[in-house]
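Residue numbers (my numbering), protein chains in the order written: chain H, 1 to 409; chain E, 1 to 288; chain Z, 1 to 347.
For every residue, glycine included, the Cβ atom is placed at its ideal position computed from N, Cα and C.
The structure displayed is predicted, hence computed values, not measured ones.
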Amino acid sequence: MQLDRRTFLQTAAAASALSVSGIAGRAFAADGDIKLASIHDLSGLFDIYGKSMDQAVMLAIDEINAAGGLLGKKVEQVTYDTQSQIPMYTQFGQQAALKDKVSVVHGGILSASREAIRPTLGRFKTLYFYNTQYEGGVCDRNIFCTGVTPAQSVEALMPYAIGKFGKKIYTVAADYNYGQIISKWVAYYAKQNGGEVIQTDFFPLDVADFGATIAKIQSAKPDFVMSALVGGAHMSFYRQWAASGMKAKIPMASTTLGAGNEQVVLTAAEGDGILLAYNYSKELDTPANKAFLAKWEKKFGDTKPIHELAVATYQGVLLWAAGVKKAGSIDRMKVVDALETGISIDGPAGKVTVDPKTHHCTLDVHVIEVKNQKMNVVKSLSQVAPKDTQSVCDLKANPNDITQYEIKI
Amino acid sequence: MDFVAVIILEVLYAIASLALISAGLAVVFGMMRVINLAHGEFLMLGGYAAIVSVRAGLNIYVAMLVVAPLVVGIIGLIIERCVIQFLYGRMLDTMLATWGLSLLLTGVVTMIFGNTTTGISTPIGGFAIGSYQASGYNIFIMLAGIAVIAVIFTVLKTTRLGLIARGAMQSADMASGLGHNPKRIYMVTFTLGAALSGLAGGILAPLTGLTPTSGGLYVSKAFITVISGGAAVVTGTVSSSALFGTLTQLTMLLSTPVWGDVAMLFAAIVLLRLLPRGITGRFFRRQV
Amino acid sequence: MPDSARNRHILVAAIGLLILFGLPVVVDLVTLLEISIYVVYAILGLSLGFIWGYGGILCFGQAAFFGLGAYTYAVTAINVGESTGPFLLAILLPLVFAALLGAMMFYGRISDVYMGVITLVVTLILFKFINSTANETWIVGKARLGGFNGIPAFPTLNVPGDPGALLDPEQFFYVAMVFLLLVYFGLHWLMTTRFGRVVVAIRENEVRAELLGYDIRLYKTAVFAIGGGIGGLAGALFANWGNFVSPGLFSLAQSATIIIWVIVGGLGTMIGPVVGAVLIQYITTLLGQQGVINNAFVLGGILVLFVLLLPKGLMPTLGQLLTRLRRAPRRPARRSAEQAEGGRDGH
């Protein structure tokens, strides 16, 4: 065979054209449906959170479609797996907004992922729901945050923990924006309740050896330890803590344990007695929760993966759907206006209401104690407002704000 | 005073765990000049082997000390037959191939077990030193570290197997002239090295939560320890573990875990710049 | 320059120009954005392909220069508010860093394997350092380093001298593509100079080159520095593409990916790393859209298979195949000998 330059050029051009059309192929999805993007880490370090969140989106959309869809159309889910890599959020955010032209994006887990995708979706004018408990303070009309913030979780947790354990607190936190900011809130609410944080240590997400830290904590002699550790590697802290027999000596509270069902990974001996505060617990004894668990079991067969973040995602999708219904349109600004009327839904974790000024939610908060790998509710607070963000953010007055505010101490 | 005792325990534990995670790599590197970048994944596999067998109802010590090295040893054998044996003498190619293997093994384990954290609890509780609590399991790790090093030393120094192996490594031609098959000796050495890694992975599994990417936590530490130690398996590993273990742990106590790691990495660069053949390239040269 | 090499250059230039001017007409914006990132990766692949394939230096930490370039750009762009200065600095700083690191290694006469270790360790240090800068005390001028989060927003490329005239995605594609062609042909040109020939001589036989009186330490340091600078260029472009930098740029996985591009594409060629980068990243994107087969599994498998079965990589093997095909039917003795020559040193 004689392969001259011209035929080679032709082949090369054909090949590159082919690969290009291959990349663009996914643009031709079913038209006419309302598209909802689910952008979560379905693999990698944080898939313990992301997989259930994606399932929660599926469940919510199934229900919406079974009830006749929205505005007479079906809702179609477009799923993206960001593989626990933050840069992929930017990439898939662009793809969802520009190529797949979705009406709304639900997604983001770590605060780092939210900050990667938020500017992208702002620039390309696509509505964004962030359904995770986080450090609070995001003030942006294009985003709705449906998870609990420190004023809801830490404020509920702190007086209970200080009352039960004592006033001296040692904080250990993951070393990224969530851990940095939440530890300030911990210090703030400790002070409000007459306590004091004597030391705060930060750990990169891949640190798994806490021996030296445990020795340090002992020499500081706190009344309890506040943990804002995140992810797989940090689980070893709880293990090593129990292994050195510290559980009997210094009690613990956490803002993060349990959000991804970590209490099931730990044994009862390692987890028992740790105090938490969340919007949801599987142990909630309400008809709404029982119905939710039954629906989940029917669809996915197993209720084990359900956790705080999955429920927040489910509630987030329902809120969005309520907004679309009220607006009678999927136009971004019309939906935002509708949501800003202070819309509410009744989710598995009770009533959730959008706070118009901050785009955060007013919801129920429960103080929880881990017992036998279960999250038992020990105290409930009804309809707590996101006061932290309210104190810095007013989107009615400054609709063009896109800042994330941090608390100054 | 009690605090000092706790600190000393922590430092000794750091040294022992460094020696444990490096031993398998050291054997393979020292004897065969093969740098196995899938070493971290061998540890990770050992951890999974131990956890799975504990979940299946096996005694935890059997799982850690027997099942983990056995499983990883067999995996090592398969890998040696399928990949490594074709690359002897090509050091850089081996590094690349084993780097590929490390990704591949991570992928396989992710597909089987999912990318979630699993773990088992330590079988030994804590104990008190004065007003302080210390982990009893750390003592177990120290003993295990000492035992592993002692066994390697004895095998290399006093047994016939060790003698033949050392001979074959120095001169493969001579060894085969004397009737020993160097290919078989390489194969056995690599398998044993893998088994050692599996053992370490099994022993460390109860301490840390395990994910398919856990190997990455170990490999750079082990790699740096072994290379800085130099070619002598036992003295090299012990001396550089002692150096880095002490340095990391003390830096960690004084500041944060990040600076502990960074101190170790910096020390390694300085060390390699000053002693390009590692510690045992300069000192303890006639040791094993 | 032998005939076959010139033909090849013309071919590559033609394809390059075709992509440069044709693609924006044919494809939509999102696809163009996606292809832009492949172009950036191709430049990054070239940076290692040059150091490793021509200088004979295996660098396990090419990601260090990539990340350094990206961060330098992001940090200075936030402080300066326009892009030209930061962009140049993002090439210069990694170049200087590589020169210093290279000098440290080559003047210390550190052997191959230890060089691998040191480059790897340096990358790890940078990764750990950047990862631990989440606290607000880590601030350079106006720019917070952000730790694990990275830096989410900064001024992107503008027309030099006019900070208001930001480039749109299509213009960014032109910029990236032009840089790729510049780097590609610039490196080719460099290899035809005296400097380039000495570099290859050193790769082929270090002792001989040294006995001939060449200061191999200097040459190697220079090669390393150039590679570092190109890596920094890729980093600056990457930062502009996503308007986002994070510590993952410094990760070992990133370094491994670059090595895989080069080895798959082909060592000792310029086109190899380009083809390798585009191909592997395309596969990665495809794998990211399904959940059954793990990405690491496929990439790892590819690396192992290439080391074992195709250690030369795709492009050189393909080149040999083509040469053989072309030679088979007619066999004019003189031409085939010349082509075989071209095939062997075919850069």
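request  = Given a cut-off of 8 Å, decide if Q180/H and A103/Z are closer than it, judged by their beta-carbon atoms.
outcome  = With respect to Q180/H, A103/Z sits apart: the two C-beta atoms are not nearer than 8 Å.
query = Terminal residues of the continuous alpha helix (DSSP H) containing T225/E?
reply = From DSSP, the alpha helix (DSSP H) with T225/E extends over 215 to 229.
query = Would F129/H be called buried (16 or more neighbouring beta carbons within 10 Å of its own) or exposed?
reply = Around the CB of F129/H, 16 or more other CB atoms lie within 10 Å, so the residue is classed as buried.
Endpoints, the alpha helix (DSSP H) within which Y219/Z is located = Residues 216 to 242.
key: Whole-angstrom distance between A228/H and L88/Z, CA atom to CA atom   = Near 40 Å, if we compare the C-alpha coordinates of A228/H and L88/Z.
query = If you draw a straight line from the C-alpha of I143/H to the C-alpha of I43/Z, how long is it?
reply = The alpha-carbon atoms of I143/H and I43/Z are separated by roughly 36 Å.
inquiry  = Within the continuous alpha helix (DSSP H) that includes A128/E, where are the two ends?
reply    = Where A128/E is concerned, there is no enclosing alpha helix (DSSP H), although the beta strand (DSSP E) it sits in stretches over 126 to 129.
task = May I have the straight-line CA-CA distance separating G147/Z from F154/Z, to the nearest angstrom?
result = G147/Z and F154/Z: Cα-Cα distance of roughly 16 Å.
query = Should A67/H be counted as a contact of the ligand NAP given a C-beta to heavy atom distance under 7 Å?
reply = Of the ligands one can find in the structure shown there are none, so the ligand NAP has no counterpart to examine.
query = Taking only beta-carbon atoms, is G301/Z less than 8 Å away from chain E?
reply = Yes, its Cβ sits closer than 8 Å to a Cβ of chain E.
inquiry  = For chain E, check one thing: does any of its Cβ atoms lie closer than 8 Å to the Cβ of R6/Z?
reply    = Chain E, which has no Cβ nearer than 8 Å to the Cβ of R6/Z, makes this no.
request  = Quick one: using the 10 Å Cβ neighbour count with 16 as the cut-off for buried, is A30/H buried or exposed?
outcome  = Residue confidence is low: A30/H scores 48 on pLDDT, short of 50, so the model does not pin down where it sits. No coordinate-derived value is stated.
task = Give the straight-line distance between the Cα atoms of A312/H and V72/E, rounded to the nearest whole angstrom.
result = Each residue's alpha carbon lies about 42 Å from the other.
ask   = Beta-carbon separation of I57/Z and K220/Z under 8 Å?
value = In this structure, the beta-carbon distance from I57/Z to K220/Z falls below 8 Å.
inquiry  = Below 8 Å on C-beta distance, what does M315/Z contact in chain E?
reply    = Within chain E, not a single residue places a beta-carbon under 8 Å from that of M315/Z; the smallest gap is close to 18 Å.
ask   = Can you pull the DSSP bridge partners for E76/H?
value = Per DSSP, the beta-bridge partners of E76/H are K35/H.
message = Does the stretch 232 to 247 of chain Z come into contact with the stretch 1 to 12 of chain Z, if we say contact requires no fewer than three beta-carbon pairs (one atom in each stretch) closer than 8 Å?
response = Touching, no.
message = Can you give me the C-alpha to C-alpha distance between M1/E and F237/H, rounded to a whole angstrom?
response = When rounded, the distance between both Cα atoms is 25 Å.
Within the stretch 48 to 90 of chain Z, ranges of the alpha helix (DSSP H) (whole runs, at least 4 residues) = The qualifying runs are 62 to 80.
query = By Cβ distance, which residues of its chain are closer than 6 Å to I23/H, with the 5 residues on each side in sequence left out?
reply = A caution first: I23/H carries a pLDDT of 32, below 50, which makes its placement in the model too unreliable to give a value.
inquiry  = Would you say N59/E lies against chain H (beta-carbon separation less than 8 Å)?
reply    = At a cut-off of 8 Å between beta carbons, N59/E makes no contact with chain H.
query = So does the stretch 9 to 21 of chain E actually touch the stretch 137 to 155 of chain E, counting three or more Cβ pairs closer than 8 Å?
reply = Yes: at least three Cβ pairs fall under 8 Å.
request  = State the DSSP-derived secondary structure class of S103/H, mapped to helix, strand or coil.
outcome  = In the three-state reduction of the DSSP assignment, S103/H falls in the coil class, being assigned neither a helical nor a strand state.
request  = Sort out for me which residues DSSP pairs F144/H with in a bridge.
outcome  = Answer is F129/H, bridged to F144/H.
request  = Go ahead and label S171/E buried or exposed: buried means 16 or more other beta carbons lie within 10 angstroms of its beta carbon, across all protein chains shown.
outcome  = Exposed, by the Cβ-count rule.
inquiry  = Given this structure, state the Cα-to-Cα distance separating K325/H from C145/H, to the nearest angstrom.
reply    = Going from the Cα of K325/H to the Cα of C145/H covers about 19 Å.
Span separating the alpha-carbon of A267/E from that of R203/Z = Spanning the alpha carbons of A267/E and R203/Z requires a straight line of approximately 30 Å.
task = Evaluate F46/H with the Cβ neighbour count: other Cβ atoms within 10 Å of its Cβ, from every protein chain shown; 16 or more gives buried, anything less gives exposed.
result = Counting other Cβ atoms within 10 Å of its Cβ, F46/H reaches 16 or more and is therefore classed as buried.
inquiry  = So with CB distances below 7 Å, who are the chain E contacts of G55/Z?
reply    = None at all; the shortest Cβ gap to chain E is about 14 Å.
For I151/Z: DSSP bridge partner residues = Bridge partners of I151/Z: V245/Z.
query = If you measure beta-carbon to beta-carbon, which residues of the stretch 98 to 131 of chain Z are closer than 9 Å to chain E?
reply = Answer in chain order: M104, M105, G108, R109, I110, S111, D112, V113, Y114, G116, V117, I118, L120, V121, V122, L124, I125, K128, F129, N131.
task = Note down, in chain order, all residues in the stretch 139 to 167 of chain Z with a beta-carbon under 8 Å from any beta-carbon belonging to chain H.
result = Result list: G146, G147, F148, N149, G150, P152, A153.
task = Starting from K379/H, follow its DSSP beta bridges and name the residues at the other end.
result = Bridge pairing for K379/H: V367/H [DSSP].
inquiry  = Using C-beta distances below 7 Å, list every residue in its chain close to I402/H, excluding the 5 sequence neighbours before and after it, in chain order.
reply    = Within the same chain, I402/H has close Cβ partners G122, D140.
message = Using a Cβ-Cβ cutoff of less than 7 Å, which residues in the same chain neighbour G136/E once the five nearest sequence positions on both sides are dropped?
response = Only residues of its own chain outside the window of five on either side were considered, and among them I124, G125, G126, F127 have a CB closer than 7 Å to the CB of G136/E, listed in chain order.
request  = Examine the Cβ distances between the stretch 353 to 367 of chain H and the stretch 91 to 99 of chain H and report whether three or more of them are shorter than 8 Å.
outcome  = Counting Cβ pairs under 8 Å, fewer than three are found: no touch.
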